[in-house]
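Encoded as structure tokens, the structure appears first; notes follow it.
Residue numbers (my numbering): 22 to 305.
Rendered as structure tokens:
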């Protein structure tokens, strides 16, 4: 019997599956899904429609999904960004509207109720959030972008969609130093090891799979340890780190519970008792 497709990236349940799996899995109904856009700061995606279920990943403000089903206050969705499948609260998604024009390019910022830093913050935004800008203004020398919802964001915290924040994804990753570690987190408010890689690469105009095992299997090419240099990746079972230089790594980790800088040799020794030696090295 053929193995079933990875549930993280393929939408199927006993009662329903996405149309792309018509010839792969059996289900009584197949759907293409309805386009929608995330309308909250960060939507946590879970394996089951239950607040007690752990977070698998997160979808950022303005990112799009396909809604495959809605029931009991939950939406079963597939992310258009990286294909991840799971459940988010139904109120977190709205029908897709105008395409985003800008992307948040700093780790964290605010959407204000008016074009003035003294006005209340309406909500927070993570790096990578997608914004639809409809206007621009200036208050006391600071430029603001007016969003479709009427809020304002500091213009200097944003870039036009399609513009990379840097051509060096490692430089982007360093901006997350001391950001709290969060299992399944994928935002400037908290993230895990593989999200650090994915987010930093995204802001540098590159793509990466969501989870560390996916990255270890197909991101870039394998290399030997002695070849390691800035930008290469070190993998353990269930963990990934970015080489900042030939001796230092950057990683979101459960030891410091943050994004931290650490000597590679020291990290290998520290991690070894729990996860053994690194499983591989790759150049993305």
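Cβ coordinates follow ideal geometry from the N, Cα and C atoms, glycine included.
Taking each of 227, 173, 219 and 261 in turn and checking the Cα distance to residue 237, the smallest one comes out for 261. Just measuring C-alpha positions, the residue of 227, 83 and 105 sitting nearest residue 118 is 83.
In this structure, the straight-line span from the alpha carbon of residue 78 to that of residue 233 is close to 12 Å.
In terms of Cβ geometry, residue 99 and residue 87 form a close pair [threshold 8 Å]. Between residue 300 and residue 285, the CB-CB gap reaches or exceeds 8 Å.
Shown here for residue 246: same chain residues with a beta carbon closer than 7 Å to its own, the five before and five after excluded, namely 302 in chain order.
The beta carbons of residue 114 and residue 29 sit no closer together than 8 Å. Only buried fits residue 207, as 16 or more other CB atoms lie within 10 angstroms of its CB. Taking a contact as a CB-CB distance under 8 Å, the pair residue 172 and residue 130 does not count as one, their CB atoms being some 11 Å apart. Residue 31 and residue 104 have their alpha carbons spaced roughly 8 Å apart. Using a 10 angstroms sphere on the CB of residue 274, the tally of other CB atoms reaches 16 or more, which defines it as buried. By the CB criterion at 8 Å, residue 109 and residue 80 fall inside the cutoff. Residue 103 carries a coil assignment under DSSP once its states are collapsed to helix, strand and coil. Between residue 271 and residue 194, the C-beta gap is smaller than 8 Å, which places the two residues in contact. Secondary structure of residue 300 (DSSP, three-state): coil. Beta-bridge partners assigned by DSSP to residue 223: none are found. Looking at the DSSP output, residue 274 bridges to 279.
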